[in-house]
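Colleague: Numbering (the numbering used here), first residue to last: 6 to 298.
Glycine residues also receive a C-beta, built at the ideal position from the N, C-alpha and C atoms.
Structure in structure tokens, see below.
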């Protein structure tokens, strides 16, 4: 097959948010969470074709097993839902993830995505006993398995990443490999296997730019103050302004030093390491094995 005749890769982006929360994203950021996620994937692989599904919506037209198997990869976004408080918007997503496993299509999830991947394979998610991890996950360290795993290829032994989550995986599925952890969350990256399917996920958000982190934290500014991360609203506003300034100019060494951020967060190529590795090492080989590339 010539380069000109190769079919573009197709990835399904599963949006974990309810309509009201998606509308907040559009109001504050200009696009929905899944649209932002898809844009990051296409920035890595410009020829990528992305579709979006909305399983949190009642009556959503969700792909069946054959439809899921038609994709080269599937990516799951974050969400403001809590998987340990079941409601139809949650249970539909768990059932969809079970179907994704059964389809054999490579899947990747960020934050809520890894939690859905865990629960659908028999794991347990609860309110994080160590508290809220907000803004950035600090000093994530690779496990011995993670240092050898393709998902984290290119990451240093210890790194930071954008993050915001109230819940965490407290019991992994039976067939799981823990790839990274930190003091806040014992599972920061993992691989799960279930029903012949394979899932890679991270508890943090490699798809989040610093500008998006600031936009989301602005909606949670009261949490930053209430939890003691910032003393008051004025200090919070100054912090968010610094993040936006760094987003516009990652070379601002003064701000990077002040907030303890390095190239793993500031460099737009290094920040998305896990997304790039998923596309290169799972999606493309899967497409080639099916004769699509």
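Would residue 83 and residue 38 be called neighbours here (beta carbons separated by less than 8 Å)?
Modeller: Taking the first residue of the chain shown as 1, we reach residue 83 at position 78. Taking the first residue of the chain shown as 1, we reach residue 38 at position 33. Yes, they are a contact pair.
Colleague: Figure out for me which residue from 94, 74, 68, 90 has the closest Cα to the Cα of residue 25.
Modeller: As a first step, residue 25 must be located in the chain shown, where it is residue number 20. The residue with the shortest Cα to Cα distance from residue 25 is 94.
Colleague: Within a Cβ cutoff of 7 Å, which residues of the same chain sit near residue 13, ignoring the five residues on either side of it in sequence?
Modeller: As a position in the chain shown, residue 13 is number 8, starting the count at 1. 52, 53, 54, listed in sequence order.
Colleague: Give me the DSSP bridge partner(s) of residue 138.
Modeller: In the chain shown, the residue the question calls residue 138 occupies position 133. Paired residue(s): 170.
Colleague: What does the alpha-carbon distance come out to for the pair residue 278 and residue 266?
Modeller: Locating residue 278 in the chain shown gives position 273, counting from the first residue. Locating residue 266 in the chain shown gives position 261, counting from the first residue. Going by the C-alpha atoms only, they are around 16 Å apart.
Colleague: Report all residues from its chain with a CB closer than 6 Å to the CB of residue 285; omit the five preceding and five following residues, and keep chain order.
Modeller: Along the chain shown, one-based indexing puts residue 285 at 280. Excluding sequence neighbours, residue 285 sits near nothing in its chain.
Colleague: Are residue 118 and residue 202 closer than 8 Å when you measure CB to CB?
Modeller: Here residue 118 refers to the residue found at position 113 of the chain shown. Here residue 202 refers to the residue found at position 197 of the chain shown. No, they are not a contact pair.
Colleague: Please classify residue 36 as buried or exposed, where buried requires at least 16 neighbouring CB atoms within 10 angstroms.
Modeller: Here the question's residue 36 lines up with position 31 in the chain shown. Burial call: exposed.
Colleague: In the DSSP assignment, find the unbroken beta strand (DSSP E) run with residue 203 in it and report its ends.
Modeller: Sequence index remark: in the chain shown, residue 203 carries index 198 (1-based). Looking at the DSSP string, the run of the beta strand (DSSP E) that includes residue 203 is 202-207.
Colleague: Counting C-beta neighbours from all protein chains within 10 Å, is the total for residue 151 16 or more, i.e. buried, or is it exposed?
Modeller: Residue 151 sits at position 146 when you count from the first residue of the chain shown. Buried: at least 16 other Cβ atoms inside 10 Å.
Colleague: Here's a check: name, in chain order, each residue in its chain whose Cβ is nearer than 6 Å to the Cβ of residue 229, leaving out the five neighbours to either side.
Modeller: By one-based count along the chain shown, residue 229 stands at place 224. 235, 241, listed in sequence order.
Colleague: Counting only runs of 4+ residues fully inside the region 142-192, write out the alpha helix (DSSP H) ranges in chain order.
Modeller: The region 142-192 contains these whole alpha helix (DSSP H) runs: 149-153.
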